[in-house]
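Numbering (my numbering), first residue to last: 13 to 1131.
Ideal Cβ placement from N, Cα and C applies to all residues, glycine included.
The model shown is predicted, which means the values in this text are computed figures rather than measured ones.
Structure representation (structure tokens):
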């Protein structure tokens, strides 16, 4: 059946590296017919399935919804846990690792095994995990699942292998880190508190060992009860009952005092000599009111009490502000001696850590920085300077500074573009940062050999554009551009436009960039386009403004069609609009006609623009009949032609940005001319024009039905900072079918698209300039515009462009009638061109020239154009070329100029393609597709032979759908969360070299020696070194814990996971250690079985002896 379907589709496959002959060709409409090519095409395809493998490479940006924070003071590594179960481990720039718990449970707490290359995570599903960090991709070594109790707090003393685990019931358990087995030693809550106490103390919120004696464990309960438990004597040294709930506890390094933070905004200092009442109670932000009472304050969520060798102690805490001032921002307070500094934060504080010079808790701490984890940012404060400046963050944590609305990815860029963008962007960097080096400096990273210039462009809701250097799997911001500077600031309530787009009128919808000519084009949510040129010099410029009236009113319908290649037209009642009134285009209209005004007002005065991207031209669509303009759905720009084309659901417009004139502005139907493939029946116009326009944009932009939100909500699913299924449910509700389906997202979108295709206008979905053959009779290639529509139609529009530079600026560009019409299933997404040897043909471009530079009179500045003609490389197929057209459902390869279909491949039947790109991999071209059902596929070109099909994302949402993009070199990216960019590769070579490109997390460092405490101090202060946890918590003395309490789960990061660890001594030691752990575990199990057998043998011997004594004196006849 599979072979039969391929024959019907006209699909011709070849063996890897085989030769492709001239297959049977289908007609333009897709019906299999015999249309032989002018010559036999002989293309040697080199791509095979073994060249492709899909894997994640690196994740950039701020961890979405962070929950926990940890720091290794010796390795200088920082770990951040998130609500979705993710872990980000950060070191020096280039050392950035992302891990994910398979369960997806939120990370409650993180604990480094300091200088051991391991990390313990406690998750919301009451499971502890031990991660091995001695490999470039960390893996879980052990897991321990608590069955009967919920984990609330964990504490791992320095250089200890015993982890204290507090639970919601108030009990404290102890876990052996090496074997991840629960000890039989348990501190029950009813033993920790006095028997006379009738109330439960609440969950454990704090655990810490005394700096003075490691054999004393301080346990803090939520209700306000604090107990110091003597681990040796198994009894409480003292108990404190305080009225206010406890949030955190922090020791003085001498172990004689500790400080607590409480829910009433107070700090209490306790002295171990007298625990009946606090030594000191302070309300740092509580003022005394007129009646003499303290004003109520918010809880102090955490406090850190750190001593300094050369100054007063630091008391650092979060929260504690008074309730009287509403709307105050979250604060971090630093109390140093008598000075109190309040640092206001932009976002709520999730967690903070004080970084100290020593990992020992019984030494003077000497804090030097504070790491503050906010809901949407990471800040490090320098404590060594009196004004407490922040460090400049080297990580790209501000990707979401304004919500990301679109992305673009460019690999193998011109090598000079990154340095020049960086030099321009460096002039606008913020100042006032700490002059010291970034304190999180762990790990090692070296620039790999498999690197090339890469740039990522992100568009944002506030209209800003950011250029990022993405070379060598890192991310660094190069340059920021604000598109809003081209417009006057909209006044609130100023006209109809301001009423509709008052929130984000400049939000970026799509971008188009030519790295060679440095021409940059931005499409905004208010139906505007801005064209930028790059210059290294500042200049005084006046922005040219063009206003376009792109209108199309519904009057005609498409008659039922029996075309097999377009099943969306087979039902009765399907229709497509036809423009009724002529489309007008021009410059500004009289101010009296409000309907002919655009949404935004361009600056009309002369403005001074700095070096970088400078706006040259603004194109805006006008309001028509009281309705805002429809959003722009497609854009392409070509620097060699000097042309810009854009379209929406009403029609197409082509602009000459050199002459600043509009060349073409007409409805989609008018583009067909006499080549209209559908029979359209005239009928009366619809009365409700508003509902028609809403239906038109529904399938393209997923807008809400509320007319006041139609302009701005096409990027709503991108800017929302909540991971919900709202957009999916919205699509599902729009599906016209009532049939229940398992894959609701893909099916509802598919059926919705079909319904929209039947009921609404024919939108322009993709555009591509290039050298091609506009008509079948053309002998030579000419500049053409390829137009793809939502009804699966590909149109060719030939153009005549003057070649001489002077004529180009004076003579008009001639645009001919539509040449060819090609048909596919579903909306057309992408065009690509190959020569008859199978090589990818690039679009022509103009070499960049700085128009603001001083002109040399001896060498006049002229345009330098680079053309890639289809006939320049060879002549194997009569100077023709191949056109690759990909739609939502299928891909086709056409031979030009005959327009005969050579190859067809139905990409998907049950879903639809979200993104398709023709990319270069291994010096060959292929078609890469991302489907709504989560599949990532690659097809060979030109034969469209499937090379890879991976079910990568089982569940998707509109954010991923709108930001997924492929690029050359086998790379792709998408916005995995509102704050993070996930990069992936589908190249086998890059997957193999990924270990070399990633940073090394663990580096062998000697643990700093403890300071000499002195004889008297050690004698009178107690000696913590005499405390043997192994003797106390081991199985010999404490016994075994109940098996029903917790379940040990071996991880995937055993010896198999260590095969990918770093080579050398570190890797060998890590492998040996894990092997010994597993061997010890097996020996322990063997010992248990041996003991059981010995017990059984003793029982058998005992019974045998008793039987022998019983039968000893009996005669033979007594048996």
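Pairwise C-alpha distance: residue 658 and residue 343
Against the chain shown, residue 343 aligns to sequence position 331. Against the chain shown, residue 658 aligns to sequence position 646. Near 48 Å, if we compare the C-alpha coordinates of residue 658 and residue 343.
Going by beta-carbon coordinates alone, are residue 943 and residue 915 separated by less than 8 Å?
Against the chain shown, residue 943 aligns to sequence position 931. Against the chain shown, residue 915 aligns to sequence position 903. In this structure, residue 915 does not lie closer than 8 Å to residue 943 by Cβ.
Can you tell me which residues form a DSSP beta bridge with residue 1045?
For the purposes of this step, residue 1045 is taken as the residue at position 1033 of the chain shown. None; residue 1045 has no bridge partner.
Beta-carbon proximity check, residue 931 vs residue 880, cutoff 8 Å:
Position 919 of the chain shown, counted from the start, is the residue given in the question as residue 931. Position 868 of the chain shown, counted from the start, is the residue given in the question as residue 880. Contact: no.
To test your reading of the DSSP string, which unbroken beta strand (DSSP E) runs of 3 or more residues are found completely within the segment 322-393?
326-331, 343-348, 351-356, 361-368, 379-386
Within 10 Å of its beta-carbon, does residue 166 have 16 or more other beta-carbons around it, so buried, or fewer, so exposed?
Here residue 166 is taken as the residue at index 154 of the chain shown, counted from 1. Looking at its Cβ environment, which holds 16 or more other Cβ atoms inside 10 Å, residue 166 is buried.
Taking all protein chains shown into account, do 16 or more other C-beta atoms lie within 10 angstroms of the C-beta of residue 202, making it buried, or fewer, making it exposed?
Taking the first residue of the chain shown as position 1, residue 202 is located at position 190. Counting Cβ neighbours within 10 Å, residue 202 comes out exposed, since fewer than 16 surround it.
Let me know if residue 308 comes out buried or exposed under the rule of 16 or more other beta-carbons within 10 Å of its beta-carbon.
Counted from its first residue, the chain shown places residue 308 at position 296. It is exposed - the Cβ of residue 308 has fewer than 16 other Cβ atoms within 10 Å.
Are residue 326 and residue 334 touching if we call contact CB-CB under 8 Å?
One-based indexing of the chain shown puts residue 326 at position 314. One-based indexing of the chain shown puts residue 334 at position 322. Cβ atoms of residue 326 and residue 334: not closer than 8 Å.
Starting from residue 108, trace the beta strand (DSSP E) in both directions and tell me its first and last residue.
Stepping through the chain shown from its first residue, residue 108 is reached at position 96. Per DSSP, residue 108 belongs to the beta strand (DSSP E) from 108-112.
Cβ shell of residue 280 (< 6 Å), same chain only, five flanking positions each side left out
Taking the first residue of the chain shown as 1, we reach residue 280 at position 268. 272, 290, 293, listed in sequence order.
Quick one: give me the first and last residue of the beta strand (DSSP E) that residue 684 is part of.
On the chain shown, residue 684 is found 672 positions in, with the first residue counted as 1. Element bounds for residue 684: not the beta strand (DSSP E) but the alpha helix (DSSP H), 680-684.
Could you say which of 56, 61, 277 lies nearest to residue 998 if we only look at CA atoms?
Against the chain shown, residue 998 aligns to sequence position 986. Measuring from the Cα of residue 998, the nearest candidate turns out to be 61.
Can you list the beta strand (DSSP E) stretches of 3 or more residues lying completely in the segment 517-550, in chain order?
520-526, 531-536, 540-547
Got a sec, what are the start and stop residues for the beta strand (DSSP E) residue 420 sits in?
Sequence index remark: in the chain shown, residue 420 carries index 408 (1-based). First-last of the beta strand (DSSP E) with residue 420: 416-423.
Please report how far the alpha carbon of residue 380 lies from the alpha carbon of residue 1007, in whole angstroms.
Looking up residue 380 in the chain shown gives position 368. Looking up residue 1007 in the chain shown gives position 995. Going by the C-alpha atoms only, they are around 34 Å apart.
Would you mind reading off the limits of the alpha helix (DSSP H) that contains residue 67?
Along the chain shown, one-based indexing puts residue 67 at 55. Segment 64-73 is the beta strand (DSSP E) holding residue 67; no alpha helix (DSSP H) there.
Assign residue 1121 to one of three DSSP states: helix, strand, or coil.
Walking along the chain shown from the start, residue 1121 turns up at place 1109. Of the three classes helix, strand and coil, the one that applies to residue 1121 here is helix, per DSSP.
For residue 86, which residues from the same chain have a beta carbon less than 8 Å from its beta carbon, with the 5 sequence-adjacent residues on both sides left out?
Indexing the chain shown from 1 puts residue 86 at position 74. The answer, listed in chain order, is 126, 127, 371, 1017, 1019, 1020.
Taking the alpha-carbon of residue 994 as reference, which of 485, 429, 269, 205 has the nearest alpha-carbon?
Here residue 994 is taken as the residue at index 982 of the chain shown, counted from 1. When each option's Cα is compared against that of residue 994, the closest is 485.
Would you call the segment 422-442 in contact with the segment 67-74, where contact means no fewer than 3 C-beta pairs closer than 8 Å?
no
Here's a check: name, in chain order, each residue in its chain whose Cβ is nearer than 7 Å to the Cβ of residue 255, leaving out the five neighbours to either side.
As a working mapping, residue 255 is identified with position 243 in the chain shown. Counting only Cβ-Cβ distances below 7 Å, and skipping sequence neighbours, we find 236.
Tell me whether residue 763 sits in a helix, a strand or coil according to DSSP, three-state version.
By 1-based counting over the chain shown, the position of residue 763 is 751. The predicted position of residue 763 is uncertain, since its pLDDT is 36 and thus under 50; a value taken from the coordinates is nonetheless stated next. In the structure shown, residue 763 sits in a helix (DSSP, three-state: H, G or I).
In whole angstroms, what is the alpha-carbon distance linking residue 252 and residue 234?
Along the chain shown, read from residue 1 onward, the residue named residue 252 stands at position 240. Along the chain shown, read from residue 1 onward, the residue named residue 234 stands at position 222. Their Cα atoms are separated by approximately 12 Å.
Taking C-alpha atoms, which residue in 156, 136, 130 lies nearest to residue 145?
The residue labelled residue 145 in the question sits at position 133 within the chain shown. Residue 145 has its Cα closest to that of 130, out of 156, 136, 130.
Distance check for residue 268 and residue 284, CA to CA, integer angstroms please.
If you number the chain shown from 1, residue 284 lands on position 272. If you number the chain shown from 1, residue 268 lands on position 256. Their Cα atoms are separated by approximately 6 Å.
Using a 10 Å radius around the Cβ and a threshold of 16 neighbouring Cβ atoms, would you call residue 354 buried or exposed?
Along the chain shown, one-based indexing puts residue 354 at 342. Looking at its Cβ environment, which holds fewer than 16 other Cβ atoms inside 10 Å, residue 354 is exposed.
Are residue 785 and residue 909 close, meaning C-beta to C-beta below 8 Å?
Residue numbering aside, residue 785 sits at position 773 when the chain shown is read from its first letter. Residue numbering aside, residue 909 sits at position 897 when the chain shown is read from its first letter. Closer than 8 Å, so yes.
Just to check my reading of the structure: residue 845 and residue 893 have Cβ atoms closer than 8 Å, yes? What is that Cβ distance to the nearest angstrom?
Here residue 845 corresponds to residue number 833 of the chain shown, with the count starting at 1. Here residue 893 corresponds to residue number 881 of the chain shown, with the count starting at 1. So it is a contact: roughly 6 Å between Cβ atoms.
When DSSP labels each residue in this structure, what does residue 822 get in the three-state scheme?
Mapped onto the chain shown, residue 822 falls at position 810. DSSP places residue 822 in helix when its eight states are reduced to three.
Proximity of residue 151 and residue 137 at Cβ, strictly below 8 Å
Within the chain shown, residue 151 is the residue found at index 139, counting from 1. Within the chain shown, residue 137 is the residue found at index 125, counting from 1. It is not a contact, given that the beta carbons lie outside the stated cut-off.
Using beta-carbon positions only, say whether residue 562 and residue 663 come within less than 8 Å of one another.
As a position in the chain shown, residue 562 is number 550, starting the count at 1. As a position in the chain shown, residue 663 is number 651, starting the count at 1. Yes. Within cutoff.
Identify, in the order they occur along the chain, each residue of the same chain with its Cβ nearer than 6 Å to the Cβ of residue 390, setting aside the five sequence neighbours on each side.
By one-based count along the chain shown, residue 390 stands at place 378. Only 409 meet the Cβ criterion.
Consult DSSP for residue 677 and reduce its assignment to one of helix, strand or coil.
Counted from its first residue, the chain shown places residue 677 at position 665. Reduced to three states, the DSSP call for residue 677 is strand.
Mapping DSSP to helix, strand and coil, what is residue 7?
Lying before the first or after the last residue shown, residue 7 is absent from the chain, which here runs from 13 to 1131.
Can you find at least 3 beta carbon pairs, one from the segment 432-449 and one from the segment 395-404, that sit closer than 8 Å?
yes
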